[in-house]
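Residue numbers (the numbering used here): 8 to 395. Note that beta-carbon positions come from the ideal geometry of N, C-alpha and C, so glycine has one too.
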Amino acid sequence: MPYYVRVGDIPEKRHTRFHQPDGSLYAEELMGEEGFSYDSSLLYHENLPTALRSIDAVDIEAQEITPNHPLRPRHFRTHQLKAGGDPVTSRHLLLVNDDTRISYFVGSENSPLSKNAIGDELVFIESGSGVLETTFGKVPFTEGDYVVIPASSIHRWVIDASEEPMRALFTETSGHIGPPRRYLSRNGQFLEHAPYCERDLHGPTEPLLVEGSDVEVLVRARHGVTRFVYQHHPFDVVGWDGCLYPYTFSIHDFEPITGRVHQPPPVHQTFEGPNLVVCSFVPRLFDYHPDAIPAPYNHSNVDSDEVLFYVEGNFMSRKGSGIEAGSISLHPGGHTHGPQPGSVEASLGKAATEELAVMIDTFRPLELGPGARDSEADEYAWTWLGGR
Ligand SMILES: [Fe+2]
């Protein structure tokens with residue numbers, strides 16, 4: 008979605024002759040969503056972006072998916088998952104439905120070139136830093152960033168070697184991710200009541216221009232992964248313009264909306280996608296009514312499964328639950344959840360919270376992947392016992 012950007016060299020007028028120094032023409036590519044009816048960018052390649060040398064199916068081991076049955080709230084400790092590999096081929100699949108795949112990655116290897124042809128990816132960087140190299144240019148990332156990668160954008164994760172391993176939560180969607188519509192004007196500009204705005208989004212600023220031939224790119228599509236070998240390096244773009252490109256938004260730039268009494272999760276909403284929303288819980292002042300209860304009330308989300316990734320801070324409402332940094336709770340539709348016993352009383356009179364967490368609510372039930380089964384803490388469903 009983001010706003011219009013122009014990077015590198017482009018011709019004065021679209022779809023007109025644009026010559027390379029040797030007199031040949033640059034190859035123009037329109038990358039656009041929803042046919043020719045939504046956001047797009049026009050890119051200018053030194054070589055044809057269509058020239059393929061080979062196409063092969065990639066054998067990927069089928070991952071066992073199990074339903075959340077019998078229905079139960081769950082707690083996954085992602086920091087218990089094995090480190091290793093790269094952010095494209097070594098993700099631990101946690102939760103999945105037809106709309107999304109939520110995975111965790113911890114490791115230090117750079118990824119191969121890839122693109123996700125199914126939908127946009129939203130990646131939350133828990134720790135580590137590096138650069139996402141893309142057809143559009145470089146997108147640096149660091150701890151606390153959301154990285155938005157539009158569907159079918161060719162990219163490569165390059166991780167800073169001197170840093171700790173990269174830890175990240177991947178949300179693969181089946182369409183497009185963007186800011187909530189209610190925060191945008193009719194023409195797409197952020198409105199004054201939005202918790203962030205254009206200045207907080209960081210896209211590529213200059214072309215990458217990599218030379219090379221016979222370049223492998225992994226393509227994830229509905230029926231599996233394909234290996235394309237392109238005749239020319241896809242990062243041969245001399246310039247582009249438009250509203251479709253990868254970008255980052257730091258959770259630390261999210262300006263929390265607070266009130267006299269408890270504000271509901273939609274005030275924390277940061278992104279929306281097909282059948283899901285993403286919210287950021289950031290350090291903030293608590294409710295300031297003299298009798299306010301800062302801890303959330305019990306709630307039954309009849310139409311969604313709620314996934315909460317605890318990044319850092321004191322997770323006030325989860326007292327005695329075993330939740331720690333790197334934990335993920337799954338509170339499915341059909342289950343009423345709320346603060347653990349004693350949490351409400353402990354929150355009274357508190358002025359502020361330092362919690363940092365990312366929430367993904369899906370509108371259809373989630374099933375469990377191997378990463379969930381490998382990291383589950385069994386006792387979570389019973390942690391509301393003992394109160395009154
Ligand atoms: Fe909740």
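DSSP places PRO186 outside both helix and strand once states are collapsed to three, so it counts as coil. Judged by DSSP in its simplified three-state form, GLN238 adopts strand. Listed by position along the chain, the residues with Cβ atoms less than 6 Å from a non-hydrogen atom of ligand 1 are HIS306, GLU313, HIS338, HIS344.
A distance below 8 Å between beta-carbons, with the five flanking residues on each side excluded, links VAL232 to the following residues of its chain, in chain order: ALA64, VAL65, ILE67, LEU225, VAL226. Per DSSP, GLY378 lies in no beta strand (DSSP E) segment; the continuous alpha helix (DSSP H) that holds it begins and ends at 377 to 382.
Between ALA201 and TYR190, the gap from beta carbon to beta carbon is short of 8 Å.
Judged by DSSP in its simplified three-state form, ASP260 adopts helix.
Between the alpha carbons of LEU392 and TYR10 lies a gap of roughly 49 Å.
Per DSSP, the beta bridge partners of PHE83 are ILE335, GLU383. For GLU35, no alpha helix (DSSP H) run applies; the uninterrupted beta strand (DSSP E) run containing it begins and ends at 34 to 39, by DSSP. Between the segment 255 to 274 and the segment 288 to 303 there are three or more inter-stretch CB-CB distances shorter than 8 Å, so the stretches are counted as touching.
Judged by beta-carbon spacing, ASP106 lies within the 8 Å limit of THR369, meaning their Cβ atoms are closer than that value. For ALA228, no alpha helix (DSSP H) segment is defined; the enclosing uninterrupted segment is the beta strand (DSSP E) at 220 to 228. Your pair VAL14 and GLU205 does not check out as a contact, with CB atoms roughly 16 Å apart and the cut at 8 Å. Residue environment: HIS240 is assigned as buried (16 or more neighbouring CB atoms within 10 Å of its CB, all protein chains considered). Between the alpha carbons of MET366 and PRO18 lies a gap of roughly 42 Å.
Rounded to the nearest angstrom, the Cβ distance from GLU35 to LEU49 is 6 Å, consistent with a contact under 8 Å. The bridge partners DSSP lists for CYS204 come to none.
Counting along the chain, VAL284 sits inside no alpha helix (DSSP H); it lies in the beta strand (DSSP E) bounded by residues 283 to 288.
In the DSSP assignment, SER110 falls within the beta strand (DSSP E) that extends over 107 to 114. Separation of ARG325 and HIS306 (C-alpha to C-alpha, rounded to the nearest whole angstrom) is 14 Å. In this structure, the beta-carbon distance from ARG267 to ALA302 does not fall below 8 Å.
The alpha-carbon separation between GLY151 and THR255 amounts to approximately 10 Å.
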